[in-house]
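Take a look at the structure set out below.
2 protein chains.
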Amino acid sequence: MNGAEALLRTAATAGVQVCFANPGTTELPLVSALDAVPEIRPVLGLFEGVCTGAADGYGRMTGRPALTLLHLGPGLANGLANLHNARRARTPVVNVVGDHASWHLSADAPLTSDIESLAAPMSGWVRRCSSPATAASDLAEAVAAAAEGVVATLVVPADCQWGEAPGPAGPAPAAASLVADPAIESVAPLLTSNAVLLLGGPALSEPGLQAAARVAAGTGCRLLCETFPARMERGGGLPAPDRLPYFPEAATGALAGASAVVLAGAREPVAFFGVPGRASSTVPAGTPVQVLADPEQDVVAALEELADRVGAEPTPVPAPAPALDLADGPLTGLAVGAVLAAGQPEGAIVVDESATSGLPWWLASAAAAPHTYLGLTGGAIGQGLPGAVGAALACPDRPVIALQADGGGMYTLQALWTMAREALDVTVLLCANRSYRILLTELGRTGVRAPGRAAQRLTDLSSPPLDWVRLSEGMGLPGVRVDSAADLRRQLGRALAEPGPHLVEMLLGQ
Amino acid sequence: MNGAEALLRTAATAGVQVCFANPGTTELPLVSALDAVPEIRPVLGLFEGVCTGAADGYGRMTGRPALTLLHLGPGLANGLANLHNARRARTPVVNVVGDHASWHLSADAPLTSDIESLAAPMSGWVRRCSSPATAASDLAEAVAAAAEGVVATLVVPADCQWGEAPGPAGPAPAAASLVADPAIESVAPLLTSNAVLLLGGPALSEPGLQAAARVAAGTGCRLLCETFPARMERGGGLPAPDRLPYFPEAATGALAGASAVVLAGAREPVAFFGVPGRASSTVPAGTPVQVLADPEQDVVAALEELADRVGAEPTPVPAPAPALDLADGPLTGLAVGAVLAAGQPEGAIVVDESATSGLPWWLASAAAAPHTYLGLTGGAIGQGLPGAVGAALACPDRPVIALQADGGGMYTLQALWTMAREALDVTVLLCANRSYRILLTELGRTGVRAPGRAAQRLTDLSSPPLDWVRLSEGMGLPGVRVDSAADLRRQLGRALAEPGPHLVEMLLGQ
C-alpha cells in the first residue's frame, strides 16, 4: 500500500465520507487511491473555493470533517477565503494539499510556492508530511485537530503519496481539553433583568436555546445572538433571540442600558469594521462583560446548569404565522422574506449569504417551520453556494435553500455545476439587486450621499446585467426569473417540489 | 488631502493608469479618492482573480504596473493564484490591499487575518503602511519595486487612507542594479553547432529574437525557448524557436547531444513536476549550463553584443503560409490551430491558456501574421480570461484572442463580464474538451490506462456539460458554438470583424 492509500484508509476509519476535490498532477496518487477506498465519495468542484466552502457547510451540518484535496499553493490559495469563513465558524475541516516531490522543491519549478505561509492564516493546524510512512498518522492527527473546531492543513508531497507505507493509522488521541469550567458562580449574580445574555456557537443549538430561554424566564435577562451565527436552529416555536446588529452604533444601541453582558459561546462583540471615533468593542463603555462559556467549552451544559440554578420554565408564546404579503408590484426584500418564511418546508437548511437583502426574511423566519440557519461567519463573500453544496451532501434528506446575494454569488458560481452534477436538492434564491449595495450604504455612512463616477463604477453590477438564468443553465441547472411575490411563491413551491437543484433569480425592487 | 488621495496621485504621477479593483468597506476612502484622480481608470472585476490576472496581462503588455485594489486577506487570497503567475512572469504589479484601521486589528474582527503571511509567497516586496503621512511614499516605493519585475503588495489600513496626508510623493529611486555583466566572454566559446541557446524573458522580444537568430546563423547553435513564455513576439517571419517540451523526458530528449546549454533570459530548465526516478533538471547529466544573462539583466543587449561577436546575418527562410484544413468532420485541435493561425489578424495578442488543446496552433502560428503571445507562466490555471482583459486595456488598438481551455476558463469566468462591461475587443476561443485532459494524460504516464471511477469523477467535465454560450450570454457577452472547422472560420471572422467581445465555444473532437 502506498502513502496515499494509507492516508485515505485512515481518513475513512476516522469517519471521513466525502472528499471535495480539485486535484492536479501532484495529487494523482491520492486520486487513484480513492478507488481503493470507496467509503470516501469524491466530489469535484470546478474551483477550489467551491471545495472549501462545501467542506465548511458539510462540517457545520455533520460536526465531522470532510476532506478537501487541493493542488499546491495556488490551489490552496483559491480555497482560502472560504477556509477563512470555516475558521471563524470553528468548522472541522481537513485540507490535504499535494505538493511537489520533496526532492523537487529546491528546483523551484513553476508551481512551487510557500504553502505553509499561505495555509497558516486560515488554519489552526498545519503540517508537512515528511515520509510516506507517516502520511497516515499525520492525517489521523489532522482529523483529531479538526475535531476541536479547527481548520487543519496537511501538505503531502507527491513522493509521500506514491512511496510505500506500512498501512493505515489508528485514530490520534483527542487534544487534551485545557478549558476551564464554565463560570456559573460568577455569572449567576450578574443576570438581572437588565442583563444581556449573548448567545453564539453551540448555544444556538436547540438545547442551548431552550436552556437560554429558561435562564431568561427565571432572571428576566434579555437574549441576543451573535451577528453572524455559524449554525442556528430556528422556527417551530424555538426561542428566537434577535441578532446583535451589524453596524457598530446599532450594536452599541442594542446593548445600551445593559447591566452586564454575559457571553455564552459568543465572543465579546466588536465592530465588523472600525469606524473613526468609535471603539472596537461595541459594548457600551463601563458595562461589565463576563464569559459563561467559551465556544470551545461545553456551552450547552453550562447553560443548562445555569438554568437549573436561576431559570424557570418559559411561558410558551405562540409564534405568529409568517405574514404573507402577496401584493402585486415589485419584489422587495420584505416580500421575499414573507414568501420564503411561509413557504420553506420543515427541516430546511437555509444557507444565508443574502447580505443587504435578507434581513426581512431573518425577522419573518423566526415564526417559520423548524429549520437550520447557516450564516456568513467570516465576511469573505462566496460562501453561500458552496456551503449549500456541502449542507446538501451532509443531509441528503433535507431540502437546502441558498438565499444568495448576487455579488457574493458571482464569487463561486461554479458551485452551481456541482449541485447539478451531484443532483443535490438545493433551491437557490438569487437576490438580484445588481449592485454591491452594502458599499453604497457604507459610503453613505461616511457622508457620501452621491457616489462619484469611480464609486459608481466599482459598486454597480447592472451594466451589463448578469443573467442568472443563463448562468444557471450554463452550469446544467434549471433557472427561472421572477419579479413579483406571486411569481416567487409559485416558483419556490415548484423548485421545492421537484427533486434536484433549481435556481430562482429574484429581480429585486427597492 | 487624505492618505488615499495622496497615494493615488502618487500612482498617477508614476504612470499608473488603471486600477483593477474589487473593493470593500476598508478600501472606500481609496474608492472615493479615485474620483479626484481621473488619470486612473477604475475597472471592476467580479472576483479578485480577475483583477490580479488582468493586472498581469496589462503589465506584460505595457511594461508598467497596473494597480489592483483588494479587500483585506480574503480578497488578496482570491487573487493569489494569478499573482503567482505574475511573479513567475516577472510582471510589474502593485497590489493595494485595504485593511482594518490599525487600532482595530487587535479586536480580531471577523475579516481580520494575517495579510503579510498571505502576500509573501507571491510577492517580491511587501509592506504595511503605518501612517497616512507615508501612504504616498510607500506607494512610490511599491511602484519602484514593481518596475524591477516584481509583484509588490502594500497593505494600507483604513486609517492610513482616511487620515490627513501632506500630499503626493515623488517617484522613489529605482533599485540599484546588482546584476553582473552578461557573460559574453565565457559564453562565446561554448556556442558551437551542437550547443543550445535557450531563450526566455526579454530574449523573446523582437530585437532579442533577431539577435539570437544572428548568433545561431554565426555559430550553428540551436535556438529553443522556454516552455511557458510570459510574452513572446511571433509570426511575420520572426525567428520562431521551438518551445522546450513540457514533459521532462521530452525536454531532456530535446537537449540530448547538446554540447552546452546557454541561458539567455531563461532559467535552467527543470521538470514541471518531479517524476520518480528522474532528476529535477531536464538538462542531460554532464551537459554544461552557462548563463549569458539572467532575466533581470539586459538580456537583449547581451544577445546583441554576442551576435556582434560571433553572429552572422541569417538567411531569411520564408515561412510557409499556415495550412488551412477545412475538411468537414469533428473540430480537432489540429483544425483549430490551422484556422486560427490563418485567421488571426496582424497585431493580435494571443493569450494562451489552451492546455492540451493548443499545441497545433502554437506550431502553425509561427507562420502567422505578426502577433504577441502571452503564456501561462506559473501553472496556476485561470490566467487566460483575466489576462485577456488586461491585454485589451493595455492595447486598445490591438485585437486580443483568448485561446482558452474549459477547465481553466471556469476558474475565472467572471472575466467575461468585465470584457462586456468595458467593451473590450477580445475574442474568446473556448476549447471545450469537457475534461481535465492533462490529468488523464498524466495518469496514463504513471501506468494508469483505464482510470477508475474516482479518477473519472475528478477529471470529467461532461456531466452535465458546461454550456459556454449560455455562460457567456449570462455575463452579457454574445456567444456561439461551433463544431466544425468551417464554422470556426466563419465565426472567428465575424467575431474579429465586430467590435467588442465575443465568445466562440469550440466543441472539440479527438
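Here the protein sequences line up with chains A and B, keeping their order. Following my numbering from start to finish, the first sequence increments by one per residue and tops out at 510. Following my numbering from start to finish, the second sequence increments by one per residue and tops out at 1020. Think of the CB as a built atom: it goes at the ideal place given N, C-alpha and C, for glycine as much as any other residue. All of these numbers come straight from a predicted model, not from anything done at the bench.
Residue i, DSSP secondary structure in three states
i: residue 989 of chain B; result: strand
i: residue 911 of chain B; result: strand
i: residue 717 of chain B; result: helix
i: residue 514 of chain A; result: For residue 514 of chain A there is no data in the structure shown, the boundaries of chain A being 1 and 510.
i: residue 558 of chain B; result: helix
i: residue 160 of chain A; result: helix
i: residue 1 of chain A; result: coil
i: residue 680 of chain B; result: coil
i: residue 317 of chain A; result: coil
i: residue 310 of chain A; result: helix
i: residue 331 of chain A; result: strand
i: residue 150 of chain A; result: coil
i: residue 791 of chain B; result: strand
i: residue 780 of chain B; result: strand
i: residue 138 of chain A; result: helix
i: residue 700 of chain B; result: helix
i: residue 768 of chain B; result: coil
Exposure label - residue i; buried when at least 16 CB within 10 Å
i: residue 489 of chain A; result: buried
i: residue 927 of chain B; result: buried
i: residue 827 of chain B; result: exposed
i: residue 623 of chain B; result: buried
i: residue 462 of chain A; result: exposed
i: residue 103 of chain A; result: exposed
i: residue 442 of chain A; result: buried
i: residue 189 of chain A; result: exposed
i: residue 164 of chain A; result: exposed
i: residue 786 of chain B; result: exposed
i: residue 659 of chain B; result: buried
i: residue 354 of chain A; result: buried
i: residue 338 of chain A; result: buried
Boundaries (first-last residue) of the alpha helix (DSSP H) holding residue i
i: residue 371 of chain A; result: Not the alpha helix (DSSP H): residue 371 of chain A falls in the beta strand (DSSP E), residues 371 to 374.
i: residue 967 of chain B; result: 963 to 967
i: residue 803 of chain B; result: Element bounds for residue 803 of chain B: not the alpha helix (DSSP H) but the beta strand (DSSP E), 799 to 803.
i: residue 411 of chain A; result: 406 to 411
i: residue 423 of chain A; result: First-last for residue 423 of chain A: undefined, no H or E at that position.
i: residue 999 of chain B; result: 995 to 1007
i: residue 951 of chain B; result: 947 to 955
i: residue 1023 of chain B; result: Since the first and last residues shown for chain B are 511 and 1020, residue 1023 of chain B lies out of range.
i: residue 186 of chain A; result: 184 to 187
i: residue 365 of chain A; result: 359 to 365
Per DSSP, cross-strand counterpart(s) of residue i
i: residue 462 of chain A; result: A:465
i: residue 809 of chain B; result: According to DSSP, which records beta bridges pairwise, residue 809 of chain B is partnered with nothing at all.
i: residue 530 of chain B; result: B:553, B:578
i: residue 82 of chain A; result: Residue 82 of chain A pairs with nothing; no bridge assigned.
i: residue 753 of chain B; result: B:735
i: residue 265 of chain A; result: A:199
i: residue 113 of chain A; result: Paired residue(s): none; residue 113 of chain A is not in a bridge.
i: residue 541 of chain B; result: DSSP lists no partner for residue 541 of chain B.
i: residue 604 of chain B; result: B:577, B:662
Boundaries of the beta strand (DSSP E) in which residue i is found, first to last residue
i: residue 942 of chain B; result: 936 to 942
i: residue 1013 of chain B; result: 1012 to 1017
i: residue 352 of chain A; result: 348 to 353
i: residue 742 of chain B; result: 742 to 744
i: residue 127 of chain A; result: 125 to 128
heavy atom of the ligand GDP below 7 angstroms from residue i C-beta
i: residue 340 of chain A; result: Although the ligand GDP was asked about, the structure shown includes no ligands whatsoever.
Please determine if the region 569 to 578 of chain B and the region 476 to 488 of chain A are in contact, where contact requires at least 3 C-beta pairs separated by less than 8 angstroms. Taking 8 angstroms as the limit for Cβ pairs, the verdict is that the region 476 to 488 of chain A does not touch the region 569 to 578 of chain B.
Does the region 738 to 758 of chain B come close enough to the region 795 to 803 of chain B that 3 or more CB-CB pairs lie under 8 angstroms? In short, these stretches do not touch, since the Cβ pair count stays below three.
So does the region 819 to 826 of chain B actually touch the region 855 to 873 of chain B, counting three or more Cβ pairs closer than 8 angstroms? The region 819 to 826 of chain B is not in contact with the region 855 to 873 of chain B.
When you compare the region 237 to 253 of chain A with the region 391 to 399 of chain A, are there three or more beta-carbon pairs, one atom per stretch, that lie closer than 8 angstroms? Short answer: they don't touch.
For the 8 angstroms Cβ check, are there 3 or more pairs between the region 929 to 937 of chain B and the region 964 to 978 of chain B? Result no; under three Cβ-Cβ pairs closer than 8 angstroms.
Are the region 668 to 687 of chain B and the region 519 to 536 of chain B in contact at 8 angstroms, needing three or more beta carbon pairs? In this structure the region 668 to 687 of chain B lies against the region 519 to 536 of chain B, because at least three pairs of beta carbons, one per stretch, are closer than 8 angstroms.
When you compare the region 542 to 556 of chain B with the region 500 to 509 of chain A, are there three or more beta-carbon pairs, one atom per stretch, that lie closer than 8 angstroms? With a cut-off of 8 angstroms, the region 500 to 509 of chain A and the region 542 to 556 of chain B do not count as touching, because too few Cβ pairs lie within range.
Across the region 149 to 165 of chain A and the region 75 to 87 of chain A, are there enough close Cβ pairs to call them in contact, namely three or more that are closer than 8 angstroms? By the Cβ rule, the region 149 to 165 of chain A counts as touching the region 75 to 87 of chain A, because three or more pairs are nearer than 8 angstroms.
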